[in-house]
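Data block below; observations after.
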Amino acid sequence: MKKVKVLVLMFGGVSALWAESEPKMELFSPDGSHYVSFEVRRTASGTNELCYRVDYRGAPVIETSRAGLDMDNRVWEMSLGVRDLEQPGCWMDNMDVDSVTYHPLHDEIWNPLYGERSVVRDHYRSATMYLSKKDGSDYRLNMEVRAYDEGIAFRYFLPEHPKAIFHKVTADLTEYTFPSFSMAWTEQWAQAKFEYLPISSIKHPVERALTVELPGGKWVALVDADVDDWCLTKFVASEKKANTLVSVMYSPVDVVTYCATPWKVIMAADRPGDLLEHNDIIQNLNPACQIVDAAQWVKPGKIMREVTMTTEGAIETVDFCANHHIPYMLFDWKWYMPCGSHDGDATKVVKTLDMPRIVEYAKGKGVGVWLYVNQHALMKQARELFPILHEWGIVGVKSGFVQYASHRWATWLHDLVRLAAESHLLMNIHDEFRPSGFSRTYPNLLTQEGILGNEEFPDATHNTVLPFTRMINGAADYTICYYDERLKNTHAHQLAASLVFYSPLQTLFWYDKPSAYRGEPEIEWFENLPTIFDDSKVLSGHPGKGIVMARRKEKEWFVGLLTNNDGAEEDVPLSFLEEGKTYLAQIYTDGGEEVKTRTHVKCVYKRVNASQALKFRLRPRGGAAIHLREINREEARQYSKYKGEEL
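What follows is the structure, encoded as structure tokens:
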């Protein structure tokens, strides 16, 4: 009889048992809230299959699910004599566990160059499971797993093969089996509208982050991290297994071993807002900053587009930016022509723009100039173009209509950001690309679109879903509109959106000219608003209903409230303020026809403290914005005390 040793490991007070002959990996997060296990099980067909499960607070959030990759390596296998005949089945079939290594507890505090928080804790337990095939193929796979208090992360690592030239990864076999009756907020593409669907009703591939509401009141988000040298992966309902999502790769991926896949992240939480608060896990799963002098030239800020494509219009826009604390101006589509063609030349400026004069004037006003460049020009010109733009005095490039989903284009796009860094150019990637934490490694990538934003005029209900879904991925250039008559939501909603939708490069007044401004007093909110923060909190919220978000920059707090198409009543406790201090609350709400400006935003200034709660009755499609700053006794005398009245 074969001897089996039983080993016991203690994690957070819970013991993990496995047989040495077939080790089982088990991990608990440092606080014990998240649990993950990986093991190989024998299937009904007689093959070995790698599987995993994830628990949160003692209950399964991902039930036992398949894991692994599939490959098509027939060309090199036959040419190198690794296999004489084609092998049936899946590349993962009959992988055995050789061993499991548990690593020391990791606990590190680090400071990002910018972010939603100025201090990030990287705190996790980790392990590596080593698997191999015993059929003479020398196929090996390592499972690298981390258990954070915020969620579980794992990736597939392919060690160097002694005979391999490359691997052709054809399928991601990772599945996610949810408890019955789980519901998901889904988008079929990055700029799509949301559908709220049962897991088994997701018939078309959907985007990540994918946020799932479990029947017991818990929440889960599926997201990727460190998607640099890989392709886009989406989720679709399994045709074979109920309540299960399978992974869908956009394209095969050709890799040279050794290499790793992106991290797969499963976040679980008690509140949907916790998923957004905990999204630092994505940064923690990316390499540290690779730009040595980034702090000297990577500067977040607000930006406004110049819409006339004339020198006179540009001078007017620069003046507006300088007067309203907007440090950047953008020339978008058509500053060079033909913009959407391979014949376009991004070194030749249209005759209506005197670029040297504009850049010099803007520099004197403290305003940096950005330029839009289409993929056609970037493909053929980027290496020569970027040094030229830097020589012109351009500070940033907004890339447009870029492909990003296949392995080829995903790699090209990330390399483009690296190339821009060599010329000290900031970047904003537009259209469908969504972040996975690369801005930690290359912070010159300030933001990206990947969102159904304001240029498409989504309604308020859509906007209340975004914080709990798309914004988990990271920064989004929502392109805030303000004076455009096509807006579906109130102007107080627009003010709040600029706080709720985090973007280190925050685009304001998207369709507007400077002449649209007529002295509306609430514009001071935009003037005072930072784009990066020291702390961020979701005070309350639910996708499709509303959100209350508070962010701190140094000693000042900024709060944004968004409601859906129906309106809401909302109390905002100010307990996040420092006790014993007095604050001025500059409050911006929808005042209706009683406010005689065309935006109808009511501006109220009240004296408040940490013991109070502000009461709001939000109009349909509405919102509110609050700027809180500490004031001394003398200044406090100028303002009346808030006494609980409805705002």
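Residue numbering for the sequence shown follows numbering that gives the first Met the number 0, beginning at 0 and increasing consecutively.
Glycine included, every Cβ here is placed at the ideal spot set by N, Cα and C.
The model shown is predicted, which means the values in this text are computed figures rather than measured ones.
Given residue i as reference, the closest of the options once Cα atoms are compared
i, options, result
"D227", "W262, A345, H105", "W262"
"Y477", "F508, H490, Y55", "F508"
"V219", "A58, P299, C258, M303", "A58"
"A208", "N472, S502, T530", "N472"
"C89", "A66, W109, P111, S98", "A66"
"V348", "P326, K364, I387, H323", "I387"
"G135", "Y147, P161, D344, H203", "P161"
"S422", "G392, F467, K601, V247", "G392"
"L213", "E311, P197, L140", "P197"
"M142", "Y360, C50, V607", "C50"
"M70", "S179, E62, D225, M248", "M248"
"K301", "A267, L494, H324", "H324"
"F400", "V600, P457, Q447", "Q447"
"V558", "A567, L528, T581, E577", "L528"
"L244", "E194, Q380, V254, P178", "P178"
"G452", "A420, P286, A496", "A496"
"I314", "H492, S200, G365, I428", "G365"
"Y138", "M182, I61, F165, L498", "F165"
"A146", "R628, A183, R52", "R52"
"H122", "K362, A515, P29", "P29"
"K512", "S200, T307, A189, Y195", "T307"
"A567", "R606, F615, W556, K601", "F615"
"E659", "G590, A609, T588, R550", "As shown, the chain starts at 0 and ends at 646. That puts residue 659 outside it, with no answer to give."
"D483", "A515, T468, Y501", "A515"
"L538", "L274, I61, T176, E107", "L274"
"M426", "K544, V297, I546", "V297"
"G543", "V118, P271, Y327, V205", "P271"
"F500", "G518, R485, I479, N488", "I479"
"E238", "P572, Y175, D253, C288", "Y175"
"R407", "C230, R356, S438, H277", "C230"
Close-in-space but distant-in-sequence residues of the same chain around residue i (CB under 6 Å, 5 per side omitted)
i, result
"Q585", "Y604, H626"
"D565", "P619"
"N631", "none"
Which residues DSSP lists as bridging residue i, in chain order
i, result
"R120", "I108"
"K536", "A549"
"G473", "Bridge partners of G473: none, in fact."
"W184", "Y195, T210"
"K601", "T588"
"W556", "R551, L627"
"R52", "S36"
"W218", "E212, A268"
Close beta carbons around residue i, own chain, < 7 Å, minus the five adjacent residues each side
i, result
"L84", "Any answer about L84 is weak, because its pLDDT of 48 lies below 50 and its placement is not dependable; what the coordinates show is given next. Cβ neighbours of L84 beyond the five flanking positions: none."
"K133", "D95"
"P503", "Y113, P299, L445, T446, A474, T530, I531"
"W524", "L494, Y587, A624, H626"
"H541", "P271"
Cβ shell of residue i (< 8 Å), same chain only, five flanking positions each side left out
i, result
"V144", "M24, L26, V35, F37, S125, A126, T127, M128, I151, A152, F153"
"M91", "E48, L49, G67, L68, D69, L140, L172"
"V358", "V368, W391, G392, I393"
"L384", "A345, T346, V372, A376, L377"
"I201", "A183, T185, F234, V235, A236, L244"
"L352", "M308, T309, T310, A313, F330, W334"
"T42", "E48"
Residue environment, residue i, which counts as buried when at least 16 other CB atoms sit within 10 Å
i, result
"F432", "buried"
"E149", "buried"
"N563", "buried"
"R304", "buried"
"E645", "exposed"
"T440", "buried"
"R40", "exposed"
"D414", "exposed"
"T185", "buried"
"V607", "buried"
"S639", "exposed"
"S246", "buried"
"V264", "buried"
"P520", "exposed"
"P326", "buried"
"N285", "buried"
"G449", "buried"
"A267", "buried"
Any non-hydrogen atom of the ligand GDP closer than 8 Å to residue i Cβ
i, result
"V416", "With respect to the ligand GDP, the structure shown offers nothing to examine, as it has no ligands at all."
Report yes or no: do the stretch 117–135 and the stretch 84–104 share at least 3 C-beta pairs separated by less than 8 Å? The stretch 117–135 vs the stretch 84–104: in contact.
Does the stretch 372–382 come close enough to the stretch 339–348 that 3 or more CB-CB pairs lie under 8 Å? Enough Cβ pairs lie closer than 8 Å, so yes.
Between the stretch 108–115 and the stretch 278–295, are three or more C-beta pairs nearer than 8 Å? Segments in contact, yes.
Should the stretch 436–446 be called in touch with the stretch 457–468, which here means at least 3 C-beta pairs below 8 Å? no
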